[in-house]
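A short worksheet on the structure shown next.
As structure tokens, this is what we get:
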């Protein structure tokens, strides 16, 4: 039985963290989306678990960071353990896990299944998008002639519905104490990909005739290291595997090792290394180096690895401390491979994200984060193109920005894995050994990278900074095609680096005195923001400049109006926020130009757009101007992307540069703002 | 059709906030409970909305404060408006809404329906207790001879299931702009009680024969101002009504009044008073004084009050500012009555709580809070008696503690309402007018009371402080009957006041460096806590004292073991926590006596019982010893009730006084701890 062809804006293949992040964006932007996954159920245990502070900031922009914060284990301190002169294991160092001050969140650990649950709840609360499980794409066709028209459907995919048995992977094996425990081998690179088997099985079964043809404007492959989508496109992963084999145990440990509730990097003298990752619910994850003799050397045979073998390795490494367990939640084994995709998209209509385009060691806790941030980067761009707000050209920045990140990640991981897998040097003459000092330094430097905060997107049509876009990205040319290249005046806000996510400090709502982290105002709802920092509004020069900007923004032909469809409120595509400095009590909201707190005939004034950099009653003083390096006498304006990355920094009232920036990629909408249901902005 | 008689431990009548708080406790303590409510649905809008910071602390102890914090409107600043010398309205003062420093939460506003939702989710997550709606108790019998036996069932109640129509109150009326808006008159004291009508209607309908007999050990009437349970007991509410009539509008305001997003107390020269309570979702609640001429004077006629009449009053009071609205969410009108129940219980088997025993003005935002705190006080006591941990005698403290609070509340409300409803005095000679200075002072003083933090329970068998229990409570004698009266040494922890909830400061987990607010460790799970503050554990005197306490607690006949059933873990009834002072790095958890971090043969050591007063990586230094007034050279031990109120402060190792305290009301359980599934504590 073949169902009729359906049309969607975006087809997402794969409902792991990368696919769900994308679906979540689509739910917020109202994009017609389908999500399919060949597996019959979501992940319940094991898998990736480390969450960067940047990832929590992103979750907070979707309103569910608190659920993660509450359920997760928080990582505060890293302890380094290695042999002393006598070869006895001892704690040599303690390091802050997250570098203090870089984010309002810290790194936490919570297993992937819970993250997927929060995504699913969030998607459900904002849309009717559902995840179709046990559904497998089996054929792909791309009509190149339709690729340059954003409203056409160049992609045709056949979907097959699997039976329950087909969609449920076999993933059980007996644990050390004889109980049956789920293992992760089915997804590790030590096990063969089972997609082909699943397709064959589906074809032979009675339900194999449940197929459907889907036509899509865009498709995104979030379908993991064995990506079916990637294979259709004929793109390869470039890189290599190492010989190191690692085992993973998720257990409730019974041990006298003192730092079992800290993240620990443990180098034994001769028995290999262990990384300790304490988790939620009394669990601890151990990454345990397996001696190559144990697993036969070279490419390992899956069947030869058991939890008991992994435990015995851990016991040797941790000696003289003891370690055992009664409860094992999950286990697996893997071989490190560091690879990056050659291409991240086919003509900006089909995209690849997550494990489909980068694989690496799990120990730095990067996997789930980088994957989700791939589609966090892509989602709003897709939505703006589908809605007709933006030109197709912005989609090129996905590969430029994210392939570069993947390359950096792989380089980091290569170096870190080598240092972690190596034997500690006995003395300075021991050249084959790893210097523990070098390891510590690398660990500390890696911490900034691993936080996700350091991400710095290169120059492009949506990042107005100097230099070559090709050099700063992955080589793709994503520079603006306008005659006039808009550039930032970074010195006006020295610590709001263009290309990076905007740092967050606390501001007070002018109307109700509530303190907010600035980032909390930048919800992921698809809106661009212009944040105006006019300085002190008791100063006449500042007030004049602020009013001048207000007049231009209010103009019937302003970029605010030109790029906003008439059926949306004036802040529907670009939202203007104000942060003035000085006593909140010195300013009355209703005295400010209307455009900065727009009036709606049914809802009254907007009380949620103007903020003060001032002392709060209960949460201190954000010192926003000081922390952002903004001179209160001069001020600044900042354009922030819908994903919180900074596009432009300039003069408070440099309306022309703002307009120049937006006009290089945004599309004029249906004429001047109508006085319908939308808010009405009176002129000054 | 009559169903067979069922037996329950606790029968809760009424599923408003008081009833749900109690059900929530029961869900955490595993008590066999039924909850019935005559209404067919929960509240969806309107009703009470203000939440004290103490209430948020309590919600946090049940793990759902964050949901409230996220959805609610936060109240930061109060603005006082009154006439200047020319009679023109102007802002005269700004006051912090919550007194800075008294809690980690601040007062917020969120409507009752959401609070009930969070309770229901929380109850469901922890038990199979459900709320049976449209179920009405129709007869009550009390067998006095069974009242002194805690495991007997002195209460017999007949329950009737209502039809959908019977259970749905009529609550709609047209609003000012012609749309239909739910009103709250059906619950206000301007409308007659409808219970009798519902019973009659149920008897006449076809489903009236769906009755059931329930036998209960305990019953709690949380059934509102017209309480059916109270009527069965023959208890009265004592107090009186005032002549003031107030209207309430929940609207999205369209106004040029500058402080519409602040809590405002507005006294007009001659047109009455308005209180502004900004709410979630752009809503604002206005409490508006109605001129008695408008509503015919004296006891008001419900049918004469309309939203339009209320709005017109508001407009007169707010002049020269304008106010109107397009959207009204809810409205009601009420007359202030201040009354307190004569008795809060029948022989400590049937209890009354919430509006069933106190009614007052809603404007101070106290109603829902005091009601929920009634049953928060009662819940753990009931659970401990039902489980056989405690003697019936602790139940007397419910009336002693909560009736006194209700009396204080009514006195506060009487004074506050008079000041708020009165006309501002024109000058010092105007004796009939209210001095605005006096109003401001009363407002500020009232703020501490209104926070819920000031609650200070009197001396009793569960609060070891000097003085007369009768004088410090409502007159009931709840003193300990032991020969030796245990008294606190308050000077050892000067700012952990015995009788009040323990203040909260941040401590660091010894095992993983995570900062926690101390209160976050005191979850409402029914456990007593002994919190040991041994001082610095690098000091030999302190260490010796701490070890001595450890030895006594570990003893096979210690009170920990005597009062804990053998099938529970050693921390199942009384949990011992440690907070030492000084560098966390100077102490190794596993060096401390085992009883302070008990060992479990399947789960290993307990890493969640020992904390340090030290600098955290990201959240500052809690300075716990300093903030609690504890001398680090001397230390202290503190006993905290399951509801976070402080019972006793004494010497670190004063095991004998601790034992004396618990032995006056706790019951010896089934012998010495067995080495079953529970954790095993090795001796020192």
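Residue numbers (our numbering), protein chains in the order written: chain S, 52 to 735; chain E, 52 to 735. Ideal Cβ placement from N, Cα and C applies to all residues, glycine included.
Residue i and residue j closer than 8 Å at C-beta
i	j	result
residue 21 (chain E)	residue 443 (chain E)	The structure shown does not extend to residue 21 (chain E), since chain E spans only 52 to 735, so no value can be given for it.
residue 553 (chain S)	residue 570 (chain S)	yes
residue 601 (chain E)	residue 649 (chain E)	no
residue 509 (chain E)	residue 520 (chain E)	yes
residue 583 (chain E)	residue 703 (chain E)	yes
residue 62 (chain S)	residue 186 (chain S)	no
residue 274 (chain S)	residue 407 (chain S)	yes
residue 452 (chain S)	residue 524 (chain S)	yes
residue 511 (chain S)	residue 530 (chain S)	yes
residue 665 (chain E)	residue 559 (chain E)	yes
residue 11 (chain S)	residue 495 (chain S)	What the structure shows of chain S is the stretch from 52 to 735, and residue 11 (chain S) is not part of that stretch, so it cannot be assessed.
residue 41 (chain S)	residue 466 (chain S)	An answer regarding residue 41 (chain S) cannot be provided, because it is not within the stretch 52 to 735 covered by chain S.
residue 698 (chain E)	residue 514 (chain E)	yes
residue 369 (chain E)	residue 308 (chain E)	yes
residue 131 (chain S)	residue 157 (chain S)	no
Minimum Cβ-Cβ distance from residue i to chain E less than 8 Å
i	result
residue 175 (chain S)	no
residue 639 (chain S)	yes
residue 669 (chain S)	yes
residue 562 (chain S)	yes
residue 569 (chain S)	no
residue 387 (chain S)	no
residue 625 (chain S)	no
residue 565 (chain S)	yes
Residue i - DSSP class collapsed to helix/strand/coil
i	result
residue 63 (chain S)	strand
residue 143 (chain S)	strand
residue 190 (chain S)	strand
residue 629 (chain S)	strand
residue 306 (chain E)	strand
residue 398 (chain E)	coil
residue 326 (chain S)	strand
residue 509 (chain S)	coil
residue 175 (chain E)	helix
residue 680 (chain E)	coil
residue 270 (chain S)	strand
Chain-ordered chain E contacts of residue i [CB-CB under 8 Å]
i	result
residue 339 (chain S)	Simply none; closest approach about 18 Å.
residue 309 (chain S)	639, 640 and 641
Chain E contact residues for residue i, given Cβ-Cβ distances below 9 Å
i	result
residue 117 (chain S)	117, 118, 120 and 121
residue 717 (chain S)	The premise fails here: residue 717 (chain S) is roughly 29 Å from chain E at the closest Cβ pair, so nothing lies under 9 Å.
Classification of residue i by the beta-carbon crowding that lies within 10 angstroms, buried from 16 upward
i	result
residue 319 (chain E)	buried
residue 373 (chain S)	exposed
residue 639 (chain E)	exposed
residue 101 (chain E)	buried
residue 149 (chain E)	buried
CB contact check: residue i to chain S, cutoff 8 Å
i	result
residue 56 (chain E)	no
residue 62 (chain E)	no
residue 127 (chain E)	yes
residue 499 (chain E)	no
Within chain S, the residues that residue i reaches when beta carbons sit closer than 8 Å
i	result
residue 629 (chain E)	Correct list: empty, because the minimum Cβ distance to chain S is about 16 Å.
Chain E residues whose Cβ lies nearer than 7 Å to that of residue i
i	result
residue 358 (chain S)	Result: empty, since nearest Cβ-Cβ is about 17 Å, beyond 7 Å.
residue 147 (chain S)	668
residue 654 (chain S)	303 and 333
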